[in-house]
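Asker: Quick note on the UniProt record's numbering: the sequence shown kicks off at 1 and runs consecutively. Every residue gets a Cβ at the ideal spot worked out from N, C-alpha and C, and that includes glycine. None of these values were measured; they are calculated from a predicted model.
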Amino acid sequence: MVEGIRRIFRKLELFFADGESPGPEELRESFQVRYHTFKQLINANTQALEAMAEIEEAMQGRISFGFGFVRARTARVTALVYSIIRNLEALAPGRYAALFDSFEIIRGNIQAAMPPVEKHVEGRRVVSLAEIDRNDSGECGTKMAHLGELKNRMGLRVPDGFVVTADACRQFMESGGLREEIDRIIQSAAATEPAQMQMLAASVAQLVMDAEMPPEIGSAITREYEALATRLGHRPNVAVRSSALGEDESGSSYAGQYRSLLNIHSDNLLSSYKEVVAALYGVQAMGYRLKRGLDTPSMCVGFIEMVGAQAGGVVYTRDPMSEHAEAVLISSTWGRPKSVVDGAGLADSFVVDRRTLALRERNIAVKSTCLRSSAQEGVSSDCVPPDKVSAQSLTDGQVEELARTCLRIERQFGYPQDIEFAIDGQGEVVYLQARAVMLTAEPVLRPLPDSAAVLMAGGVRVSGGIAAGKVHHVLKSASALVFEPGGVLVARQPSPDLAVLLPSASALITELGGVAGHLATVAREFQVPALFGLQDALDQIPDGAMVTVDADGRRVLKGVVESLLEPDVGQANLMEGSPVFQTLAAIAEHVTPLHLLDPEGLRFRPENCTTLHDITRFCHEKAVAEMFSFGRSHKFSRYEAKQLHVDGSPKQFWVVNLQDGFVAEPEDKWVELGNIASIPMLAMWKGMNAFSWDGPPAVDGRGFLSVMFEASMNPKLNVTGGGSLAFKNYFMISREFCSLQSRFGFHFCNVEALVGEYAVENYVGFRFFGGAADPGRRRLRVLLVAEVLEGFGFRTMVREDSLAARVEGRDKDFMISRLAVLGHMIMHTRQLDMIMRDLGQARAYKAKLCSQLSELLNNGEYACRT
1 MVEGIRRIFR
11 KLELFFADGE
21 SPGPEELRES
31 FQVRYHTFKQ
41 LINANTQALE
51 AMAEIEEAMQ
61 GRISFGFGFV
71 RARTARVTAL
81 VYSIIRNLEA
91 LAPGRYAALF
101 DSFEIIRGNI
111 QAAMPPVEKH
121 VEGRRVVSLA
131 EIDRNDSGEC
141 GTKMAHLGEL
151 KNRMGLRVPD
161 GFVVTADACR
171 QFMESGGLRE
181 EIDRIIQSAA
191 ATEPAQMQML
201 AASVAQLVMD
211 AEMPPEIGSA
221 ITREYEALAT
231 RLGHRPNVAV
241 RSSALGEDES
251 GSSYAGQYRS
261 LLNIHSDNLL
271 SSYKEVVAAL
281 YGVQAMGYRL
291 KRGLDTPSMC
301 VGFIEMVGAQ
311 AGGVVYTRDP
321 MSEHAEAVLI
331 SSTWGRPKSV
341 VDGAGLADSF
351 VVDRRTLALR
361 ERNIAVKSTC
371 LRSSAQEGVS
381 SDCVPPDKVS
391 AQSLTDGQVE
401 ELARTCLRIE
411 RQFGYPQDIE
421 FAIDGQGEVV
431 YLQARAVMLT
441 AEPVLRPLPD
451 SAAVLMAGGV
461 RVSGGIAAGK
471 VHHVLKSASA
481 LVFEPGGVLV
491 ARQPSPDLAV
501 LLPSASALIT
511 ELGGVAGHLA
521 TVAREFQVPA
531 LFGLQDALDQ
541 IPDGAMVTVD
551 ADGRRVLKGV
561 VESLLEPDVG
571 QANLMEGSPV
581 FQTLAAIAEH
591 VTPLHLLDPE
601 GLRFRPENCT
611 TLHDITRFCH
621 EKAVAEMFSF
631 GRSHKFSRYE
641 AKQLHVDGSP
651 KQFWVVNLQD
661 GFVAEPEDKW
671 VELGNIASIP
681 MLAMWKGMNA
691 FSWDGPPAVD
701 GRGFLSVMFE
711 ASMNPKLNVT
721 GGGSLAFKNY
731 FMISREFCSL
741 QSRFGFHFCN
751 VEALVGEYAV
761 ENYVGFRFFG
771 GAADPGRRRL
781 RVLLVAEVLE
791 GFGFRTMVRE
801 DSLAARVEGR
811 DKDFMISRLA
821 VLGHMIMHTR
831 QLDMIMRDLG
841 QARAYKAKLC
851 SQLSELLNNG
861 EYACRT
């Protein structure tokens, strides 16, 4: 017992040691570096979880995707996780070095599952469209390769032309150091704002346009154009179309991000080529790649003959808004299809049954203008003749032919298609483009029986399905220990700690959260129907009630609705069995599963990380611990601290300014409360002073003797003594950060908090230990404190007579309110251990605490849940 007291004081001495300590500037610099590194790690962690969520959504099979999606998402999540590891290494050098080994093993497994990237044929700079098919996408880009597939494998009418390959683009970009100069400009600009991006794009585009074309590429383009003219018997104007590697891949289509030029004269072939290549660095394209985590690809460029177009448009072989609607959608207008593609004009629409090709629906628009090729170059708007303004732009026969042929194209590629077409002067269909269409799946909602009663509706569907079970509110760590298998788990927030319960849960509901996050990922992995963000669920869904959770319908029903629980056969996985789906599934095994569920478990170690998700979970947990050990692991000279004054009255608190914690730097040895700018410190101070402390509670005889015995055995427990440890309570602050190291009476506590505008970065941690009563009373005291804090959303861990509590990832106002709770608890739990054998008095004191806290927060929503 006495040895336990000594250990407490050894810990406290580390907090306030007068040994070697850094100067104020060194201390502040250390904090700023640590603070910036932590924020970088949290940001990368959030983005990595979002990328994993995208992979899991694709695995649900309700969207079509291609290898471009797989490569892009895999590259993005791998890079982000490596960034997380590097930032943790910066926070704790050498402490978790084994993470790098685990990462390399996982990355090797991912690379082994990834098919090799199709390689271009070295030296082939220009290729005729007649020589390629979809297997040439690595050389000619997906757009042109698919056009070659339509022409050469399916025998469809496609304009003649040729492709300048990826190899030619690489050669052009490497000539004269062009690529290096572009990279230098982009890196030095560090553009993020729209205006900056515009200026950057303009400067890079000019650099490309001014670059000298390698003679061998220029002569190859000219030579192939002459061959095209010979085949056609005239010198045609051409469409110069982007076909970047990855463009038109499902999941990363780049739709509308690059440049295509129409009706270009032969004199302008080389300048048009450079203009299309320069579009790689357009504002939209760079922003798209940045958002999707994609590298800058090589730009293949197609030179395609311009065909006359009396009408044109777009075909979707499936309704992009509903995968289950068995319909082909066709939109068309007079003239060139560009206005339909761009959505710039009114168009006729036709709905064709996929099975029978019967025309289900037609809507004829008023089409007063159209786009036509200009006499010399380019396209221009023209008036539609009066007799055609309200006329159907396609005949019924053309509609049926388009539907039939486009369904053939879908079967050829194996997934739904978005197809651009034109009707030439002879009324024949000419196919201009074919790419995968992105489908948005809507869950199949089953009708409710008349007897069904809806308890709640809304929230976010993070994992689909329908399940029923007995409601189990999980509000405290102890609640999880009695969770019944098959129960419906209802919690306030989607804490990762709940993941251990999911294999035995029938459904999951939380009041907070969304699709990105550890718990959402695990819910999808275990296929547990889950609704997040269902506000007031704990109040509206009674603990112990039987309910049916319809995640697809975003509703919770009273009782067990048997008719909804029948096996669902209506939702097909469109991608399952395809090569690209199998590849993603193999890769996902090393990315999304989460095995490290318990941060306190023996297996929570770097060498046990077997997926990228494991690494993100481990790093997040350890980064929080490392960041918020700053106040306890950094010594400082007490002479750098300013004593806190409130209205001129000195308080037993000293403040160290780490960065921007003061409104203005005080010249004296003290600082007024009004000069404090730290958000978390002010929030805690509010709670500490909201109610006056009535002094220690009445003590029974045993409690008093226990305290007297402990105090007499160790003179360091004499809080009235003049030693260096008496009443020295320190705040270390910046505007958004606060570390409090304090001693009140016989107990000690530490609060570390980061509170700002970005909820994902926000964190409050609390450690509480010590006391002068016997160990049994001290343990009961921390259990009471833990129970109160859990009622306010803290996750707690009790070990012997010490308590650790935390809350994180919530908005600024919520975190401020919880710091006020901690401030109140610090001031009003002093010497509480002395009454812990009187359970009645303990319960009464807990009720008093909860009442005061609810009044402090002035919101019944935050009242203690017991």
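Let me make sure I understand the geometry here. Which of 680, 645, 688 has the alpha-carbon closest to that of residue 668?
Answerer: Here the question's residue 668 lines up with position 668 in the sequence shown. The candidate whose alpha carbon is nearest that of residue 668 is 645.
Asker: From the DSSP output, which residues share a beta bridge with residue 296?
Answerer: Here residue 296 corresponds to residue number 296 of the sequence shown, with the count starting at 1. Answer is none; residue 296 lacks a bridge partner.
Asker: With a threshold of 16 other CB atoms inside 10 Å of the CB of residue 272, please say whether the residue is buried or exposed.
Answerer: Sequence index remark: in the sequence shown, residue 272 carries index 272 (1-based). With 16 or more other Cβ atoms within 10 Å, it is buried.
Asker: So which of 527, 168, 213 has the shortest CA-CA distance to residue 505?
Answerer: As a working mapping, residue 505 is identified with position 505 in the sequence shown. Ranking 527, 168, 213 by Cα distance to residue 505 puts 527 first.
Asker: For residue 2, which three-state DSSP category applies?
Answerer: Here the question's residue 2 lines up with position 2 in the sequence shown. With a pLDDT of only 34 at residue 2, under 50, the local geometry of the prediction cannot be trusted, and no value is derived from it.
Asker: Tell me the DSSP secondary structure of residue 36 in three-state form.
Answerer: Along the sequence shown, one-based indexing puts residue 36 at 36. Looking at residue 36 - three-state DSSP - the assignment turns out to be helix.
Asker: Can you name the start and end residues of the alpha helix (DSSP H) that residue 133 belongs to?
Answerer: Locating residue 133 in the sequence shown gives position 133, counting from the first residue. Looking at the DSSP string, residue 133 is not in any alpha helix (DSSP H), and its letter there is neither H nor E.
Asker: May I ask you to list the residues that DSSP assigns as paired with residue 261?
Answerer: Reading the sequence shown from its first residue, position 261 is the one you call residue 261. Answer by DSSP bridge pairing, in chain order: 240.
Asker: Enumerate in chain order the residues of its own chain whose CB-to-CB distance from residue 872 is below 8 Å, with the five nearest sequence positions on each side excluded.
Answerer: For the chain, the structure presents residues 1 to 866; residue 872 sits outside this window and is missing.
Asker: Shortest alpha-carbon distance to residue 549 belongs to which of 560, 350, 539?
Answerer: Here residue 549 refers to the residue found at position 549 of the sequence shown. Comparing Cα positions, the closest option is 560.
Asker: Sorted by chain position, which residues of the same chain lie with C-beta nearer than 7 Å to residue 782's C-beta, five sequence neighbours on each side aside?
Answerer: One-based indexing of the sequence shown puts residue 782 at position 782. So the list reads 768, 798, 801, 802, 803, once near-sequence residues are dropped.
Asker: Per DSSP, which one or two residues make a beta bridge with residue 767?
Answerer: Counting from 1 along the sequence shown, the entry for residue 767 is found at position 767. Partner(s): 750, 804.
Asker: Take the Cβ of residue 853 as the centre, count every other Cβ of all protein chains shown within 10 Å, and call the residue buried at 16 or more, exposed below.
Answerer: Walking along the sequence shown from the start, residue 853 turns up at place 853. The residue is buried, with at least 16 neighbouring Cβ atoms inside 10 Å.
Asker: Going by alpha carbons, who is nearest to residue 225 out of 181, 303, 455?
Answerer: Start at 1 with the first residue of the sequence shown, and residue 225 comes out as number 225. Looking at the Cα atoms, 303 is the closest of the given residues.
Asker: Three-state secondary structure (DSSP) at residue 45?
Answerer: Against the sequence shown, residue 45 aligns to sequence position 45. Three-state result, residue 45: helix.
Asker: Closest to residue 939 by CA distance: which of 349, 367, 355, 370 is it?
Answerer: Since the first residue shown for the chain is 1 and the last is 866, residue 939 is missing from the structure and cannot be characterised.
Asker: Would you grab the beta carbon distance between residue 627 and residue 34 for me? Rounded to a whole angstrom, and I think it's under 8 Å.
Answerer: If you number the sequence shown from 1, residue 627 lands on position 627. If you number the sequence shown from 1, residue 34 lands on position 34. About 6 Å; that satisfies the 8 Å criterion.
Asker: Excluding the five sequence neighbours on either side, which residues of its own chain have a C-beta within less than 7 Å of the C-beta of residue 847, listed in chain order?
Answerer: In the sequence shown, residue 847 corresponds to position 847, counting from 1. Around residue 847: no qualifying Cβ.
Asker: Given a cut-off of 8 Å on the beta-carbon distance, is the pair residue 604 and residue 618 in contact?
Answerer: Along the sequence shown, read from residue 1 onward, the residue named residue 604 stands at position 604. Along the sequence shown, read from residue 1 onward, the residue named residue 618 stands at position 618. A contact, by the Cβ cut-off of 8 Å.
Asker: Which same chain residues, not among the five before or five after residue 620, have their C-beta less than 7 Å away from its C-beta?
Answerer: The sequence position of residue 620 within the sequence shown is 620, counting from 1. Closer than 7 Å at Cβ, skipping near neighbours: 45.
Asker: Is the beta carbon of residue 815 sitting closer than 8 Å to the one on residue 688?
Answerer: Locating residue 815 in the sequence shown gives position 815, counting from the first residue. Locating residue 688 in the sequence shown gives position 688, counting from the first residue. Not a contact, by the Cβ cut-off of 8 Å.
Asker: Only counting runs of 4 or more residues, tell me where the alpha helix (DSSP H) segments fall wholly within the region 591 to 618, in order along the chain.
Answerer: You should have found no qualifying run.
Asker: Rounded to whole angstroms, how far is the Cβ of residue 334 from the Cβ of residue 311, which I believe are closer than 8 Å?
Answerer: Within the sequence shown, numbered from 1, the residue matching residue 334 stands at position 334. Within the sequence shown, numbered from 1, the residue matching residue 311 stands at position 311. Contact holds; Cβ gap of about 6 Å.
Asker: Give the range of the alpha helix (DSSP H) segment to which residue 152 is assigned.
Answerer: Residue mapping note: residue 152 aligns to position 152 of the sequence shown, counting from 1. Element bounds for residue 152: 137 to 152.
Asker: Give me the Cβ distance between residue 511 and residue 531, rounded to the nearest whole Å; I'm assuming they're in contact under 8 Å.
Answerer: Walking along the sequence shown from the start, residue 511 turns up at place 511. Walking along the sequence shown from the start, residue 531 turns up at place 531. No, residue 511 and residue 531 are not in contact; Cβ-Cβ is about 10 Å, not under 8 Å.
Asker: Residue 500 and residue 489 look like a contact to me (Cβ under 8 Å); what is the Cβ gap, rounded to whole Å?
Answerer: Here residue 500 corresponds to residue number 500 of the sequence shown, with the count starting at 1. Here residue 489 corresponds to residue number 489 of the sequence shown, with the count starting at 1. Not really, about 11 Å apart at Cβ, beyond 8 Å.
Asker: Taking 8 Å as the threshold (C-beta atoms), are residue 487 and residue 470 in contact?
Answerer: In the sequence shown, counting from the first residue as 1, residue 470 sits at position 470. In the sequence shown, counting from the first residue as 1, residue 487 sits at position 487. Yes.
Asker: CB-CB under 6 Å to residue 159, same chain, minus the five flanking residues each way: which ones, in chain order?
Answerer: Sequence index remark: in the sequence shown, residue 159 carries index 159 (1-based). Here the set comprises 304, 305, 307.
Asker: Who are the Cβ neighbours of residue 485 in its own chain at under 6 Å, not counting the five residues just before and after it?
Answerer: Taking the sequence shown and counting its residues from 1, one reaches residue 485 at position 485. Around residue 485: 504.
Asker: Note down the Cα distance separating residue 924 from residue 434, rounded to an integer number of angstroms.
Answerer: Nothing in the structure corresponds to residue 924, since the chain is present only between 1 and 866.
Asker: Given a threshold of 16 other Cβ atoms within 10 Å of its Cβ, counted over all protein chains shown, does residue 732 qualify as buried or as exposed?
Answerer: For the purposes of this step, residue 732 is taken as the residue at position 732 of the sequence shown. Buried: at least 16 other Cβ atoms inside 10 Å.
Asker: To the nearest whole angstrom, what separates the beta carbons of residue 820 and residue 684, a pair I think is in contact under 8 Å?
Answerer: Within the sequence shown, the letter at position 820 stands for residue 820. Within the sequence shown, the letter at position 684 stands for residue 684. 7 Å between Cβ atoms; contact.
Asker: On a Cα-Cα basis, can you pick out the residue from 690, 615, 330 that is closest to residue 392?
Answerer: The residue you call residue 392 lines up with position 392 of the sequence shown. Out of 690, 615, 330, 330 has the C-alpha closest to the C-alpha of residue 392.
Asker: Give me the residue from 29, 38, 71, 30 with the minimum Cα distance to residue 588.
Answerer: In the sequence shown, counting from the first residue as 1, residue 588 sits at position 588. Of the listed residues, the one whose Cα sits closest to residue 588 is 71.
Asker: For residue 720, which residues from the same chain have a beta carbon less than 7 Å from its beta carbon, with the 5 sequence-adjacent residues on both sides left out?
Answerer: Taking the sequence shown and counting its residues from 1, the one referred to as residue 720 is at position 720. With a pLDDT of only 35 at residue 720, under 50, the local geometry of the prediction cannot be trusted, and the value read off the model is given with reservation. Excluding residues within five positions, none has a Cβ falling inside 7 Å.
Asker: May I have the straight-line CA-CA distance separating residue 751 from residue 734, to the nearest angstrom?
Answerer: In the sequence shown, counting from the first residue as 1, residue 751 sits at position 751. In the sequence shown, counting from the first residue as 1, residue 734 sits at position 734. So the alpha carbons of these two residues sit roughly 14 Å apart.
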